[in-house]
Amino acid sequence: QVQLVESGGGWVQPGGSLRLSCAASGRIFSINTMGWYRQAPGNQRELVASISGSGITTYYRDFVKGRFTISRDNRKNTVYLQMNDLKVEDTAVYYCNFRPDPVSWGQGTQVTVSS
362 QVQLVESGGG
372 WVQPGGSLRL
382 SCAASGRIFS
392 INTMGWYRQA
402 PGNQRELVAS
412 ISGSGITTYY
422 RDFVKGRFTI
432 SRDNRKNTVY
442 LQMNDLKVED
452 TAVYYCNFRP
462 DPVSWGQGTQ
472 VTVSS
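The numbering of the sequence shown is the numbering used here, which starts it at 362 and goes up by one.
Shown next, in the form of structure tokens:
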């Protein structure tokens, strides 16, 4: 059974940084594109960034370009999201999942940006 466990969220002031981690198990990790998503209260879940299985190709939504960096360590079956210059509007629960065929969603990790 595939499991995704996100961690690293927390509270931070605007302009601060956080590094999220997502550990995957139960599926061959290195051949799969992975994505980070987020869902703010009252909003649909949206893609934030993605990374190819090799880690060579990355994609970012415009609203995080230049601030967030996605990376992965296939030896550890883990994908990361480095978030810098956080804004209040980045507040959300962050999730990871495979792309294009997601599995059951994990519990996510809460990121709260406020002063």
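Even for Gly, the Cβ is constructed at its ideal location relative to N, Cα and C.
Given that a residue counts as buried once 16 or more other Cβ atoms are within 10 Å of its Cβ, and exposed if not, what is residue i?
{"i": "Asp462", "result": "exposed"}
{"i": "Glu367", "result": "buried"}
{"i": "Thr394", "result": "buried"}
{"i": "Trp397", "result": "buried"}
{"i": "Asn404", "result": "exposed"}
{"i": "Ser475", "result": "exposed"}
Among the options, which one has its Cα closest to the Cα of residue i?
{"i": "Ala384", "options": "Lys448, Ala401, Arg406 and Leu365", "result": "Leu365"}
Specify, as a first and last residue, the run of the beta strand (DSSP E) that residue i falls within.
{"i": "Val449", "result": "No beta strand (DSSP E) contains Val449, which DSSP labels as neither H nor E."}
{"i": "Ile417", "result": "Premise fails: Ile417 is in no beta strand (DSSP E) and is neither H nor E."}
{"i": "Ile431", "result": "Phe429 to Asp434"}
DSSP beta-bridge partners for residue i?
{"i": "Ile389", "result": "DSSP, once it has assigned bridges, lists no residue as partnering Ile389."}
{"i": "Val363", "result": "Partner(s): none; Val363 has no beta bridge."}
Is DSSP giving residue i helix, strand or coil here?
{"i": "Ser476", "result": "coil"}
{"i": "Gly370", "result": "coil"}
{"i": "Gln471", "result": "strand"}
{"i": "Ala401", "result": "coil"}
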